[in-house]
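Its first residue numbered 1, the sequence shown is counted upward by one per residue in the UniProt record's numbering.
Each residue gets a CB set at the ideal place from its N, CA and C atoms; glycine is no exception.
Treat the numbers as computed from the prediction; the structure is a model and nothing was measured.
This report concerns only the one structure given below.
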Amino acid sequence: MSESESLLYSPPVSYTDSSFFVELSALKLNILKLDTSYQDIVGYYNFSALGKDQPPSINVSDKSFKGKTELLRQIPQNSCFLSYGKLFNVNSIEEFKNVNKKDLLSESALLIWRMIQDKSFINDPVVLSSFTLLSYSDLKKYKFYYWFAFPQLQSEWLHISTISSISFNIEGETFNQQFYIISGNKLVTLSELFNYEKDHLLKILFIDTCSYANTASYILRNFLTALAYHNFHNVEIQVVKVTQPKLNFTIVLENVNYNTDFYSDPSYLPPVSGWEKTSQGKLGPKLANLSSLIDPIQLADQAVDLNLKLMKWRLAPKLDLKKIKDSKVLILGSGTLGSYTARCLLAWGVRKITFVDNGKVSFSNPVRQPLFNYDDCLNGGSSKAETAANNLKKIFPLVDANGYSIEVPMIGHPIKDELKEFKDYEALVKLFDEHDAIFLLLDSREARWLPTVLGNAMNKIVINAALGFESYLVMRHGCINPDIPIDDQESDRLGCYFCNDIVAPTDSTTDRTLDQMSTELFVSILQTPEKQYSKHIVIDRSNILGSLPHQLRGFLHNFELFKLSSNNFKFCTGCSLAVVNQFKKDGWEFVKRSLNDTTYLENLTGLKKFHEDAEKAALMMEDLDDEFDEIDEGIL
Numbered sequence: 001m002s003e004s005e006s007l008l009y010s011p012p013v014s015y016t017d018s019s020f021f022v023e024l025s026a027l028k029l030n031i032l033k034l035d036t037s038y039q040d041i042v043g044y045y046n047f048s049a050l051g052k053d054q055p056p057s058i059n060v061s062d063k064s065f066k067g068k069t070e071l072l073r074q075i076p077q078n079s080c081f082l083s084y085g086k087l088f089n090v091n092s093i094e095e096f097k098n099v100n101k102k103d104l105l106s107e108s109a110l111l112i113w114r115m116i117q118d119k120s121f122i123n124d125p126v127v128l129s130s131f132t133l134l135s136y137s138d139l140k141k142y143k144f145y146y147w148f149a150f151p152q153l154q155s156e157w158l159h160i161s162t163i164s165s166i167s168f169n170i171e172g173e174t175f176n177q178q179f180y181i182i183s184g185n186k187l188v189t190l191s192e193l194f195n196y197e198k199d200h201l202l203k204i205l206f207i208d209t210c211s212y213a214n215t216a217s218y219i220l221r222n223f224l225t226a227l228a229y230h231n232f233h234n235v236e237i238q239v240v241k242v243t244q245p246k247l248n249f250t251i252v253l254e255n256v257n258y259n260t261d262f263y264s265d266p267s268y269l270p271p272v273s274g275w276e277k278t279s280q281g282k283l284g285p286k287l288a289n290l291s292s293l294i295d296p297i298q299l300a301d302q303a304v305d306l307n308l309k310l311m312k313w314r315l316a317p318k319l320d321l322k323k324i325k326d327s328k329v330l331i332l333g334s335g336t337l338g339s340y341t342a343r344c345l346l347a348w349g350v351r352k353i354t355f356v357d358n359g360k361v362s363f364s365n366p367v368r369q370p371l372f373n374y375d376d377c378l379n380g381g382s383s384k385a386e387t388a389a390n391n392l393k394k395i396f397p398l399v400d401a402n403g404y405s406i407e408v409p410m411i412g413h414p415i416k417d418e419l420k421e422f423k424d425y426e427a428l429v430k431l432f433d434e435h436d437a438i439f440l441l442l443d444s445r446e447a448r449w450l451p452t453v454l455g456n457a458m459n460k461i462v463i464n465a466a467l468g469f470e471s472y473l474v475m476r477h478g479c480i481n482p483d484i485p486i487d488d489q490e491s492d493r494l495g496c497y498f499c500n501d502i503v504a505p506t507d508s509t510t511d512r513t514l515d516q517m518s519t520e521l522f523v524s525i526l527q528t529p530e531k532q533y534s535k536h537i538v539i540d541r542s543n544i545l546g547s548l549p550h551q552l553r554g555f556l557h558n559f560e561l562f563k564l565s566s567n568n569f570k571f572c573t574g575c576s577l578a579v580v581n582q583f584k585k586d587g588w589e590f591v592k593r594s595l596n597d598t599t600y601l602e603n604l605t606g607l608k609k610f611h612e613d614a615e616k617a618a619l620m621m622e623d624l625d626d627e628f629d630e631i632d633e634g635i636l
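See below:
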């Protein structure tokens, strides 16, 4: 009679705590990414908490990723046996289905077989219970597909006898290993195995992790295969069921292949089984659906991050998502441009967005502006800035969104209520100070002047976007670098929105498709070491996300896009050194004078003199033309 006919083996059942999948999802998002290499994990069997008729139950949790030492600190002492595992987490459900399960099981079994062959198993018998976990994590839906493989290497033994008890007295014994050698009236660790004669009866005490009658855990099968390979002749196994002592039994077996060359082929691998069955007794994976257990807000948070990280892993590995996420963005204008920009910023992972607008939601707004609906128009209309912020939170609750009803002081509009306008000015300066990047999306050109001055004076990223009937402009403002002497920056830096009113931009490249708009331009700025001080870049891939142009000008009538660049205008009323220095010196007084006196800025910047000189030059040219005409007439 073979041992397989007299001794039954109980396959293990896996118990996977939800914390395991939470840790796996974090590992996948933050460390593994697209890496599918094997990851070490550790599980354990609790042999001291078994009820009647229970299979060996392996437990894995978030601590399984922490390693052997950490797990031992978390589980009951002298009550559990560890089990080493390999996690194979794939990137798609198709890959999960297409994995060759037979080959994967054989690879796992081969690891055990090699440790049997080189005798290393005697120093750490835990390797005999090694397992592999195949998994796929659907992080968008929080579903986890997984399948355990517990390799069982088969060998041939003849059954000699079975006794329904054990002879060794285990009273007072504690067990921190699953196998012991019985030497007289004491227990010896398995590390002494090869000090015993192979042709003598070897007595083994086996601490079982299942509580079925006349049945042993599958791990014993791997141990017997190790004894068979190393040519032990006879073995007596005393099976101990700690919580069910009445089910203890002893079995004596004889090695069928003793003193033969059965294992002489170095490429030989014993027959292997071991894929875990479902609760219905069929071979197949398990599914853990944690979506109902996880806070929906946490699900939304992870889903947003996942989309960005997938893009990073596959397309732009050097993309710094943390810089984007940590950026604090101020949006001036909550209308069409402001609404869509905010939505795009959310998609890029920005978590701090503040709106500034002094308008009310009107009935014409919701059809064009996605952050408003019909109810926002009722009763005279709600505040656009505050409503935009509140509705942004409804889209993504974790965004830190706020709205402020502030009227931005406008150049060319004299002050009427100084106290109110001063408060608006102070509030605007405070918001600039608290944010890293500013989007100028206000309706009028005049309203963009003060934010332009503030952006340069406070060294902020400033992105300007404007729509015409059939054209549009997206540009980033040049910025005075505080690390460079200010007198050296009078020229040779990128211009602002107001510079282009005086000097037409030059065309550096044409006919390129539009793949980056205002938010993408913002993200590209963050990826460069120079940030807002970056030069005009049009060579693809010189930046992580490709080009970093100064301006994008598009024309819908002929579907053209131009990437343009222009240096700052020395006499610019928005970013010249004269304006920035005067603002830093006088603050509100400078702003007040600029608003009330239409000639002040022209005199301050030298623009008036520039115009006068230009007019003089034009008159001189006219005089020269007259002289040349007279000369020509005389000659003729």
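Check, Outcome
"Tell me the DSSP secondary structure of Phe-20 in three-state form.", "helix"
"Can you find the residues in the same chain that come closer than 6 Å, C-beta to C-beta, to Tyr-472, ignoring five residues on each side of it along the sequence?", "Gly-554"
"Under 7 Å between the Cβ atoms of Gly-333 and Leu-442?", "yes"
"Taking the alpha-carbon positions, what's the Leu-283 to Asp-295 distance?", "32 Å"
"Got a sec? Which residues, its chain only, sit under 8 Å from Leu-290 by beta carbon, not counting five neighbours each side?", "Ser-18, Phe-21, Val-22, Tyr-142, Lys-143, Phe-144"
"Per DSSP, Asn-46 is paired with what?", "Cys-80"
"Cutting at 7 Å between CB atoms, please list the residues of its own chain near Ala-303, excluding the five before and the five after it.", "Lys-140"
"Tell me the DSSP secondary structure of Gln-39 in three-state form.", "strand"
"Please classify Leu-319 as buried or exposed, where buried requires at least 16 other C-beta atoms within 10 Å of its C-beta.", "buried"
"Using CA coordinates, which residue listed in Pro-151, Asn-30, Met-458 is at the minimum distance from Lys-101?", "Pro-151"
"Excluding the five sequence neighbours on either side, which residues of its own chain have a C-beta within less than 6 Å of the C-beta of Arg-221, listed in chain order?", "Tyr-9, Gln-152"
"Are the C-beta of His-413 and some C-beta of chain B separated by less than 7 Å?", "Considering every chain present, this structure includes no chain B. It has just one protein chain."
"Counting pairs of beta carbons, one from the segment 155 to 162 and one from the segment 223 to 231, are three or more of them closer than 8 Å?", "yes"
"Hey, quick one: how far does the alpha helix (DSSP H) through Ile-324 stretch, first residue to last?", "321 to 326"
"Tell me the rounded alpha-carbon separation between Asp-507 and Lys-328.", "Because the pLDDT at Asp-507 is just 36, under 50, the model does not fix this residue reliably, and the point stays unresolved."
"Using only CA atoms, which one of Ile-75, Val-356, Trp-348, Ala-388 lies nearest to Pro-366?", "Ala-388"
"Where does the unbroken beta strand (DSSP E) through Leu-133 begin, and where does it stop?", "131 to 138"
"Kindly indicate which residue of Ser-14, Lys-33, Tyr-15, Asp-613 has the alpha-carbon position closest to the one of Leu-315.", "Lys-33"
"With a 10 Å radius around its C-beta and 16 neighbouring C-beta atoms as the bar for buried, classify Arg-368 as buried or exposed.", "exposed"
"What is the rounded straight-line gap between the Cα of Glu-94 and the Cα of Ser-279?", "24 Å"
"Whole angstroms are fine: how far does the CA of Pro-76 sit from the CA of Asp-265?", "43 Å"
"What is the residue span of the alpha helix (DSSP H) that Arg-73 lies within?", "68 to 74"
"Which residue wins for smallest C-alpha separation from Ile-525, given the options Ser-576, Ala-466, Ile-461, Thr-341?", "Ile-461"
"Once you ignore the five residues that flank Ser-267 on each side, which residues in its own chain have a CB closer than 7 Å to its CB?", "none"
"Using DSSP's beta-bridge definition, name the partner residues of Ala-216.", "Tyr-9"
"Check Leu-193 in the structure and name its three-state DSSP category.", "helix"
"Tell whether a beta-carbon distance below 7 Å holds between Phe-232 and Lys-203.", "no"
"According to the neighbour-count rule (16 or more other Cβ atoms, all chains shown, within 10 Å of its Cβ), is Thr-510 buried or exposed?", "With a pLDDT of only 35 at Thr-510, under the threshold of 50, the placement of this residue in the model should not be trusted, and no figure is reported."
"If we count the other Cβ atoms within 10 Å of its Cβ and call it buried at 16 or more, is Phe-47 buried or exposed?", "buried"
"Rounded to whole angstroms, what is the Cα-Cα separation between Leu-548 and Asn-98?", "42 Å"
"Quick check on Met-475: does DSSP put it in helix, strand or coil?", "strand"
"With distance defined between alpha-carbon atoms, name the residue in Pro-245, Leu-82, Leu-110, Ser-382 nearest to Val-272.", "Leu-110"
"Quick one: Cα of Leu-7 to Cα of Ser-165, how far?", "15 Å"
"Would you be able to state if there are at least three C-beta pairs under 8 Å between the segment 557 to 575 and the segment 443 to 461?", "yes"
"Please name the residue in Asp-261, Pro-245, Val-239 whose C-alpha comes closest to that of Val-252.", "Val-239"
"Quick check: the Cα distance between Val-181 and Ser-167, rounded to an integer number of angstroms?", "Contrary to the premise, residue 181 reads as Ile rather than Val in this sequence. Roughly 13 Å between the two C-alpha positions."
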